[in-house]
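Beneath this line is the structure, given in structure tokens, with notes to follow.
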Amino acid sequence: MAETADQSTVTAPSVPNEHGSSQEEDKTDQASCLGSIWNSKPVQIFRFVLFPLGLYLSDVITDLMLAVQYYNSGDRGWFGWTLGFVIVSSIMTSMATTDYFFDKIHEDERTDDDDNDDIDTFTCSVKTVARILQLGVLFRYFDLFCLILRGVDVEKQVENGFSFIHYVETLIESIPQLYLQIYIIGSTGEQVSVLKIISMVISLLSAVKTVVARYHMSRIDKNQMSTCRYTLQFLFRVLWRSTELSSRVLAVGLFVGAFRAWAVIPIVGHFLIMAAAFVYVALSKGNDAYKSIGISNTIVNIVVETFSVLVISYLDTITLWLHTMLTLLSNIAMVTVWYNLRTEQDFNWFHMGVLVSVVAGSVVSAVCCFIFMVLKGRIESLKFCCDKPSDQEELTATNLGTPTEINSV
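What follows is the structure, encoded as structure tokens:
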């Protein structure tokens, strides 16, 4: 009887272990299957080449068509501004393809074809001419397409190279175009054409896609978190970024269109408050992450955050919630003042829709930011059923010190 009791104590735990191991194996097999599909060549070609390139070309083409529409209608000023953003963006993105990404791609080509120096020289010459003709982005995607066909791992190149190229295009073309078109609508009160709506929607999609790709796809170890948590992070990030950008652009654009010079007060106030908060955090609290970014990069990032989306304020709790609350309150204040001005002149249900959209979008953005920070482990008061013990991510200042590494939010 004693032997039986001893055997039972030893063998009893083995049953759930076998079931648990089989369940883990099933999950591993499913993850492996999904991973093989996700990393297959057709899927990589679509998500790395066709989709981003198609969105980029659609953004540029619709803006050019809108510029032509302004020219044909006699609005030469709006024509010049719309076309100017496209031209400047094209020049800057071509410069980015040359200086930031070409060396890495060309190095990969030479490692595989060391004996084809003449071909490499000819290819380099053709690409140089193409960049002068503002076709550098197309050739970069052609290079990427060839690398995928050859089975080269291109994820890091997409994260570090193409995300930067599209980030430049977004800051110089997509977001300014959104502000310009909303300013035109707010200042002139003209009827919105279908082409303008399409152009603005594509610019918004391009900007959101760029921000999510640059601040989500890199610096995330998908093997260290459950599929549920990773999916939730991605969904809340997309919702957060889209509502944050759209509500901010709409509020500031309409406010500037209505008040013009007076609109400088809330915008400059937002910038100065955030700048003071950055100085306080860097000096008083000794946050090395802010110190290592540098003054010039910090100023640029604060400007970007003032007009569009959060970039580096998440590095400290004070700057994170200060930026979130400033954006929320300023959006509501600006759109409310704009609404009261418009309704005094002529009430329109469109004005009411804009007011509700901006207020709701700003609130949803703040809530999504809070939930996302919980999922990232920055706020530990809430736990989710889909978390695993190994899901907790450590976010330290040591791995967030340089601008190229600030990609975890």
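Residue numbers (the UniProt record's numbering): 1 to 409.
By construction, the Cβ of each residue, glycine as well, lies at the ideal position given by its N, Cα and C atoms.
The structure presented is a predicted model; accordingly, all values stated were derived computationally and were not measured.
Just the Cα atoms here: how many angstroms apart are residue i and residue j?
| i | j | result |
| --- | --- | --- |
| T324 | Q233 | 18 Å |
| A275 | S330 | 16 Å |
| S284 | M373 | 24 Å |
| I220 | I87 | With a pLDDT of 49 at I220, under the threshold of 50, the modelled position of that residue is not reliable, and the figure given next carries that caveat. Looking at the two C-alpha atoms, the distance is approximately 34 Å. |
| I37 | V211 | 25 Å |
| N151 | D143 | The question names Asn, but residue 151 is Gly in the sequence shown. Distance between the alpha carbons of G151 and D143 is about 13 Å. |
| L341 | R47 | 45 Å |
| T188 | M95 | 35 Å |
| C369 | G77 | 38 Å |
| V192 | F255 | 18 Å |
| A5 | P42 | Because the pLDDT at A5 is just 44, under 50, the model does not fix this residue reliably, and the value given afterwards should be weighed accordingly. Their backbone Cα atoms lie some 59 Å apart in a straight line. |
| L326 | V304 | 14 Å |
| V208 | A258 | 26 Å |
| K196 | G80 | 16 Å |
| I184 | F85 | 15 Å |
| R140 | S174 | 20 Å |
| I312 | N301 | 7 Å |
| G161 | L310 | 21 Å |
| C146 | Y167 | 23 Å |
| N348 | H270 | 30 Å |
| V68 | E190 | 17 Å |
| W262 | I332 | 17 Å |
| N72 | L66 | 10 Å |
| L239 | Y70 | 33 Å |
| I172 | N39 | 32 Å |
| I371 | W321 | 13 Å |
| F350 | Q44 | 42 Å |
When we look at the beta-carbon of residue i and count the other beta-carbons within 10 Å, is it buried (16 or more) or exposed?
| i | result |
| --- | --- |
| A366 | buried |
| V281 | buried |
| D316 | buried |
| K376 | buried |
| R214 | buried |
| I182 | buried |
| S90 | buried |
| M352 | exposed |
| V268 | exposed |
| I265 | exposed |
| V201 | exposed |
| S362 | buried |
| D59 | buried |
| V154 | buried |
| G186 | buried |
| R260 | exposed |
If residue i and residue j are in contact, beta carbons under 8 Å, what's the gap, nearest whole angstrom?
| i | j | result |
| --- | --- | --- |
| G136 | T93 | 7 Å |
| L204 | L245 | 7 Å |
| residue 424 | Y179 | Here the chain comprises residues numbered 1 to 409, so residue 424 is not present and cannot be evaluated. |
| F278 | T243 | Not confirmed; about 24 Å, so no contact. |
| D63 | S199 | 6 Å |
| Q177 | T82 | 7 Å |
| R248 | S308 | 6 Å |
| V335 | V359 | 7 Å |
| V354 | L250 | 7 Å |
| I165 | T97 | 6 Å |
| L55 | S206 | 5 Å |
Extract the residue ranges of the alpha helix (DSSP H) inside the segment 147-193, only unbroken runs of 4 or more that lie entirely within it. 163-169, 175-188
Taking only runs of the alpha helix (DSSP H) that begin and end inside the segment 228-315, which ones reach a length of at least 4 residues, in chain order? 264-283, 288-293, 295-307
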